[in-house]
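Peer 1: Supplied in structure tokens, the structure appears directly below.
Protein chains: 2
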Amino acid sequence: MTTAATEKRRLILDAAVRVFARQGFHTCRVSDIADEAGVAYGLVYHYFSSKEQILDTLFLERWDVMLQAIAETDRSDLAPEEKLLAIAGFIIDSYRHDPELMKVIIVEVTRAANTFGLTHLDKIRDAYAGIAGIVAKAQADGRFRAEITPEFAAQAFYGSVEQVLTGWIFDSSAVAETELERAKTMIVDTICRGLARTAASTPD
Amino acid sequence: MTTAATEKRRLILDAAVRVFARQGFHTCRVSDIADEAGVAYGLVYHYFSSKEQILDTLFLERWDVMLQAIAETDRSDLAPEEKLLAIAGFIIDSYRHDPELMKVIIVEVTRAANTFGLTHLDKIRDAYAGIAGIVAKAQADGRFRAEITPEFAAQAFYGSVEQVLTGWIFDSSAVAETELERAKTMIVDTICRGLARTAASTPD
DNA sequence: TGTACCACTGACTGACCAGTCAATCAGGAA
DNA sequence: TTCCTGATTGACTGGTCAGTCAGTGGTACA
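In the order they appear, the protein sequences are chains C and A. Following the numbering used here, the residues of the first sequence are numbered contiguously, the last one being 204. Following the numbering used here, the residues of the second sequence are numbered contiguously, the last one being 1204.
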């Protein structure tokens, strides 16, 4: 594919993000995407085989980066708390960098149990499994207590992050930088304390 | 409305739950609901003004019961940990009692930021506010630490619960009774420990 | 200059489906 | 028995929209 063609494809993908974020996947028309991209209707079908495939592409592009980030973090020799902080940080920074894309991924894929959620279920589970692996290792090392299963811990952790993001997504006002940072530490602080074998003491 | 009419209406609502759970709101047809209920197409429109209104009704029926349960729990003089256990228990028992309804509410309303989520945003926020109120009170009493804002604590708590439910919803196999009970205590155990001022010691 | 190959266009089609409505039916009141 | 009211039926309509396709234009290479 020529450079110009690659850019056109990107143009359509970026337009789709804005349209999906604004109107939702089910309620938008392909012509809305074409209009937003300033491109003829038919061109969308030159680059993508269907409306679904556009969403698939957007999801996979981003999710694969996240899976890589999780795997890389897992391989590092950071403390488990720091690993979880890195992952929460990655997701929240993704939101900071492109809130519309994160909105689309969460609302239209991650949380859509019927349609796209099913298609990408394995990919989504890979993320949970990665987090669970970090917790399991921390338990084996005696840093996290064993009463909480790693699978549950991963769900609690990821669920908290996603719920915070969802709160921002629903919010009409923009989120302050400081709140993004505060959320990272609050999530990790709360969950890790809940998981830790010996809870850290709290300064008064 | 006569008793017979009320029962017909109920018949349609129950059929809609099964259809929405199976096919999703957007991808099912009103005729699917009528067929599932064993009723003529037009009758659906005798009892409901639109397809949306059926979903609205299902959501509000259940959500209002939950808001009441939260408010009632809040009014009790239980310890904050026990209040949160009661709420997690209520939601998980709702899933036990009618997993299809909970699937519909979570997938089609609670997590659908674009369409129905927006319509019912205030109702959804009422639930978070109720939970946040419990946390705030516990902080004022010195039982929970003040570093974590009540709003965030509510999101982490509710997010964990919803994520666990979502895991079950996605699961093809039925969930064992023991797992439902174990989830209740793991969620509350993890989150409360994360929120508590003095973390409980863990028996080895 | 010719020609081959793309990117690109947008009118069109075929399918689908929410919601309507005129007709029928059931049962209670007069 | 007749009439009235509300429940019930399902064929039909109008609008929407994903995806198609026949054609145009631009460019690189022979």
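A virtual CB, placed ideally from N, CA and C, is assigned to each residue, including glycine.
#1: I want to see whether chain A comes within less than 7 Å of threonine 190 of chain C, judged by CB atoms only; does it?
#2: If you drop the 5 nearest sequence neighbours on each side, which residues of the same chain put their C-beta closer than 7 Å to that of alanine 154 of chain C?
#3: Buried or exposed for histidine 1097 of chain A, going by 16 or more other Cβ atoms inside 10 Å?
#4: According to DSSP, simplified to helix, strand and coil, what is alanine 946 of chain A?
#5: Can you tell me where the alpha helix (DSSP H) holding glutamate 7 of chain C begins and where it ends?
#6: When you compare the CB of arginine 18 of chain C with every CB in chain A, is at least one pair closer than 7 Å?
#7: Taking all protein chains shown into account, decide if aspartate 204 of chain C is buried (16 or more other Cβ within 10 angstroms of its Cβ) or exposed.
#8: Mind pulling the chain A residues with CB within less than 9 Å of arginine 29 of chain C?
#9: Which residues in chain C sit within 8 Å of glutamate 1162 of chain A, going by Cβ to Cβ distance?
#10: Compute the Euclidean distance between the alpha carbons of valine 161 of chain C and tyrosine 1158 of chain A, then round it to the nearest angstrom.
#11: If you reduce the DSSP assignment to three classes, tell me which class alanine 1086 of chain A lands in.
#12: From A:Trp1063, A:Cys1192, A:His1120, pick the residue whose C-alpha is nearest to that of arginine 1143 of chain A; which is it?
#13: Does the Cβ of aspartate 189 of chain C have 16 or more other Cβ atoms within 10 Å, making it buried, or fewer, making it exposed?
#14: Could you check whether arginine 18 of chain C and glutamate 36 of chain C sit closer than 7 Å to each other, using their CB atoms as the reference points?
#15: Within this structure, are the beta carbons of lysine 1184 of chain A and alanine 1088 of chain A separated by less than 7 Å?
#16: In chain C, which residues lie with their C-beta within 7 Å of the C-beta of alanine 1138 of chain A?
#17: By the criterion of Cβ-Cβ separation under 8 Å, what are the contact partners of methionine 66 of chain C in chain A?
#18: Give every residue of the same chain whose Cβ lies closer than 7 Å to the Cβ of valine 1164 of chain A, excluding the five residues on either side of it in the sequence, and list them in chain order.
#19: By the DSSP assignment, the alpha helix (DSSP H) with valine 107 of chain C in it spans what residues?
#20: Report the option in A:Tyr1095, A:Tyr1045, A:Ala1034 whose CA atom is closest to the CA atom of glutamate 1179 of chain A.
#21: Given a cut-off of 7 Å on the beta-carbon distance, is the pair tyrosine 988 of chain A and arginine 1010 of chain A in contact?
#22: Please classify glutamine 1139 of chain A: is it buried, with 16 or more other beta-carbons within 10 angstroms of its beta-carbon, or exposed?
#23: How long is the line joining the alpha carbons of arginine 75 of chain C and alanine 86 of chain C, rounded to whole angstroms?
#24: Looking at the unbroken alpha helix (DSSP H) that takes in alanine 1037 of chain A, where does it start and where does it end?
#25: What does methionine 1186 of chain A reach in chain C if we use C-beta pairs closer than 9 Å?
#26: Count the other CB atoms, across all protein chains shown, that sit within 10 Å of the CB of arginine 1145 of chain A; report buried if there are 16 or more and exposed otherwise.
#27: Between which two residues does the alpha helix (DSSP H) carrying leucine 1195 of chain A extend?
#28: Straight-line CA distance for glutamate 177 of chain C to proline 1080 of chain A?
#29: Nearest to leucine 55 of chain C by alpha carbon, out of C:Ile12, C:Leu43, C:Met66, C:Val65?
#30: Which residues of chain A have a Cβ atom closer than 8 Å to the Cβ of alanine 79 of chain C, listed in chain order?
#31: Just reading off the alpha helix (DSSP H) that glutamate 1151 of chain A is part of, what are its end residues?
#32: Report the option in C:Arg22, C:Val65, C:Ser49 whose CA atom is closest to the CA atom of isoleucine 91 of chain C.
#33: So, does the CB of histidine 26 of chain C fall closer than 7 Å to a CB anywhere in chain A?
#34: Per the DSSP calculation, phenylalanine 1048 of chain A is bridged to which residue(s)?
#35: For the segment 1095 to 1107 of chain A, which residues have a CB atom closer than 9 Å to at least one CB atom of chain C, in sequence order?
Peer 2: With the given structure in hand:
#1: For this step, residue 190 of chain C is matched to residue 190 along the first sequence. Among the CB atoms of chain A, one or more fall inside 7 Å of the CB of threonine 190 of chain C.
#2: Looking up residue 154 of chain C in the first sequence gives position 154. Counting only Cβ-Cβ distances below 7 Å, and skipping sequence neighbours, we find Tyr128, Ile131, Ala132, Val135.
#3: By one-based count along the second sequence, residue 1097 of chain A stands at place 97. Histidine 1097 of chain A is exposed by the Cβ-count criterion.
#4: With chain A covering 1001 to 1204 only, the question about residue 946 of chain A has no answer from this structure.
#5: Position 7 of the first sequence holds residue 7 of chain C. Counting along the chain, glutamate 7 of chain C sits inside the alpha helix (DSSP H) bounded by residues 3 to 23.
#6: If you number the first sequence from 1, residue 18 of chain C lands on position 18. Not closer than 7 Å to any Cβ of chain A, the Cβ of arginine 18 of chain C fails to qualify, so no.
#7: Counting from one through the first sequence, the residue named residue 204 of chain C turns up at place 204. For aspartate 204 of chain C, the predicted structure reports a pLDDT of 42, less than 50, and the residue's modelled location is therefore unreliable. A value from the coordinates is still provided. Classification of aspartate 204 of chain C: exposed, given that the 10 Å Cβ count is below 16.
#8: Here residue 29 of chain C is taken as the residue at index 29 of the first sequence, counted from 1. What arginine 29 of chain C touches in chain A: nothing, since even the nearest Cβ is about 14 Å away.
#9: For the purposes of this step, residue 1162 of chain A is taken as residue 162 along the second sequence, with counting starting at 1. Near glutamate 1162 of chain A (Cβ distances below 8 Å), the residues of chain C are Gly159, Gln163.
#10: Along the first sequence, read from residue 1 onward, the residue named residue 161 of chain C stands at position 161. Along the second sequence, read from residue 1 onward, the residue named residue 1158 of chain A stands at position 158. Spanning the two alpha carbons is a distance of roughly 11 Å.
#11: As a first step, residue 1086 of chain A is located in the second sequence; it is residue number 86 there, counting from the start. Three-state result, alanine 1086 of chain A: helix.
#12: The count along the second sequence starts at 1 and reaches residue 1143 of chain A at position 143. For arginine 1143 of chain A, the closest of A:Trp1063, A:Cys1192, A:His1120 by C-alpha to C-alpha distance is A:Cys1192.
#13: The residue labelled residue 189 of chain C in the question sits at position 189 within the first sequence. By the neighbour-count criterion, in which a residue is buried when 16 or more other Cβ atoms sit within 10 angstroms of its Cβ, aspartate 189 of chain C is buried.
#14: Reading the first sequence from its first residue, position 36 is the one you call residue 36 of chain C. Reading the first sequence from its first residue, position 18 is the one you call residue 18 of chain C. Taking the C-beta atoms as reference points, arginine 18 of chain C is found nearer than 7 Å to glutamate 36 of chain C.
#15: The residue labelled residue 1184 of chain A in the question sits at position 184 within the second sequence. The residue labelled residue 1088 of chain A in the question sits at position 88 within the second sequence. It is a contact, given that the beta carbons lie within the stated cut-off.
#16: Position 138 of the second sequence, counting from 1, holds the residue named residue 1138 of chain A. Here the premise fails: no neighbours, minimum Cβ distance about 14 Å.
#17: Your numbering for residue 66 of chain C matches position 66 in the first sequence. The contacting residues do not exist; methionine 66 of chain C stays about 16 Å from chain A at best.
#18: Here residue 1164 of chain A corresponds to residue number 164 of the second sequence, with the count starting at 1. Short of 7 Å from the beta carbon of valine 1164 of chain A, and not among the five residues preceding or following it, lie these beta carbons of its own chain, in chain order: Ala1183, Ile1187.
#19: For the purposes of this step, residue 107 of chain C is taken as residue 107 along the first sequence, with counting starting at 1. Note, valine 107 of chain C: premise wrong, no alpha helix (DSSP H); not H, not E.
#20: Counting from one through the second sequence, the residue named residue 1179 of chain A turns up at place 179. Of all alpha-carbon atoms in A:Tyr1095, A:Tyr1045, A:Ala1034, the one lying nearest the alpha-carbon of glutamate 1179 of chain A is that of A:Tyr1095.
#21: Because chain A spans 1001 through 1204 in this model, residue 988 of chain A falls outside it and cannot be assessed.
#22: If you number the second sequence from 1, residue 1139 of chain A lands on position 139. Flag for glutamine 1139 of chain A reads buried.
#23: Counting from one through the first sequence, the residue named residue 75 of chain C turns up at place 75. Counting from one through the first sequence, the residue named residue 86 of chain C turns up at place 86. Using only the alpha carbons, I get a separation of about 12 Å.
#24: Position 37 of the second sequence, counting from 1, holds the residue named residue 1037 of chain A. Judged by DSSP secondary structure, alanine 1037 of chain A falls within the alpha helix (DSSP H) whose first and last residues are 1030 to 1037.
#25: Stepping through the second sequence from its first residue, residue 1186 of chain A is reached at position 186. Residues of chain C passing the Cβ test: Glu147, Ile148, Thr149, Phe152, Ala153, Ala156.
#26: On the second sequence, residue 1145 of chain A is found 145 positions in, with the first residue counted as 1. Here arginine 1145 of chain A is buried, its C-beta having at least 16 other C-beta atoms within 10 Å.
#27: As a working mapping, residue 1195 of chain A is identified with position 195 in the second sequence. Note, leucine 1195 of chain A: alpha helix (DSSP H), 1177 to 1195.
#28: Sequence index remark: in the first sequence, residue 177 of chain C carries index 177 (1-based). Sequence index remark: in the second sequence, residue 1080 of chain A carries index 80 (1-based). Rounded to the nearest angstrom, the two C-alpha atoms are 31 Å apart.
#29: Locating residue 55 of chain C in the first sequence gives position 55, where the first residue counts as 1. The shortest C-alpha to C-alpha distance from leucine 55 of chain C to any of C:Ile12, C:Leu43, C:Met66, C:Val65 is the one to C:Ile12.
#30: The count along the first sequence starts at 1 and reaches residue 79 of chain C at position 79. Among the residues of chain A, none has a CB under 8 Å from the CB of alanine 79 of chain C; the nearest is roughly 17 Å distant.
#31: Counting from one through the second sequence, the residue named residue 1151 of chain A turns up at place 151. Start and end: 1150 to 1170.
#32: On the first sequence, residue 91 of chain C is found 91 positions in, with the first residue counted as 1. Checking every option, the nearest Cα to that of isoleucine 91 of chain C belongs to C:Val65.
#33: Here residue 26 of chain C refers to the residue found at position 26 of the first sequence. At least one chain A Cβ lies under 7 Å of histidine 26 of chain C.
#34: Numbered from 1 along the second sequence, position 48 holds the residue referred to as residue 1048 of chain A. In the DSSP assignment, no residue is bridged to phenylalanine 1048 of chain A.
#35: For chain C, the residues of the segment 1095 to 1107 of chain A that bring a beta carbon within less than 9 Å of one of its beta carbons are Lys1103, Ile1106, Val1107, in chain order.
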